[in-house]
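Peer 1:
In the numbering used here, the protein residues as written are 2 to 145.
#1: Measuring only the C-alpha atoms, how far is residue 51 from residue 29?
#2: How is residue 106 classed by DSSP in three states: helix, strand or coil?
#3: In its own chain, which residues sit with a C-beta less than 8 Å from the C-beta of residue 36, not counting the 5 before and 5 after it?
#4: Select from 75, 80, 101 and 83 the residue whose C-alpha is nearest the C-alpha of residue 153.
#5: Give the secondary structure of residue 76 by DSSP, where H, G and I count as helix, E and B as strand, and everything else as coil.
#6: Is the stretch 122-131 in contact with the stretch 78-92, if contact means three or more CB pairs nearer than 8 Å?
#7: Given this structure, state the Cα-to-Cα distance separating residue 135 from residue 72, to the nearest angstrom.
#8: Report back the beta-carbon spacing between residue 33 and residue 138 to the nearest angstrom; my notes put them in contact at under 8 Å.
#9: Three-state secondary structure (DSSP) at residue 86?
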């Protein structure tokens, strides 16, 4: 019985002994977390800055792709460290990655108009609302 079980486990794993479908869970959940962060951003903008509610299609694409990359980042961190990351570490990784990526994207898109305080607060808002939920949701555990 145990020999059959070990053969089944070997068959569903890749050549390095790591489950191939595992990365898909991270990527999918990171993307869903990015989209959940988009809803948080929309709620914030609805109450505080309705002018920036224009162009939500591009923001949705950015949120989903940012969450996708955060899922990949957390997958590779768990693989390198060899253990599951805690929820605080995943959220911090998502926020830190989003801080750098959203800062670069905002700067390249012309979001820096000479006022560094507004630019930094906008980048922090994007990092917390898009990166935090993506890091929170990107995990390998299933609900089973």
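In this text, a Cβ means the ideal position worked out from N, Cα and C, and glycines have one as well.
Peer 2: This is what the structure gives:
#1: Answer to the nearest angstrom: the Cα atoms are 30 Å apart.
#2: Collapsing the DSSP output to three states places residue 106 in a helix.
#3: Within the same chain, residue 36 has close Cβ partners 61, 64, 65 and 68.
#4: Residue 153 is absent from the structure shown; the chain starts at 2 and stops at 145.
#5: For residue 76, the secondary structure class from DSSP, reduced to helix, strand or coil, is helix.
#6: No contact exists between the stretch 122-131 and the stretch 78-92.
#7: When rounded, the distance between both Cα atoms is 7 Å.
#8: So it is a contact: roughly 6 Å between Cβ atoms.
#9: In the three-state reduction of the DSSP assignment, residue 86 falls in the coil class, being assigned neither a helical nor a strand state.
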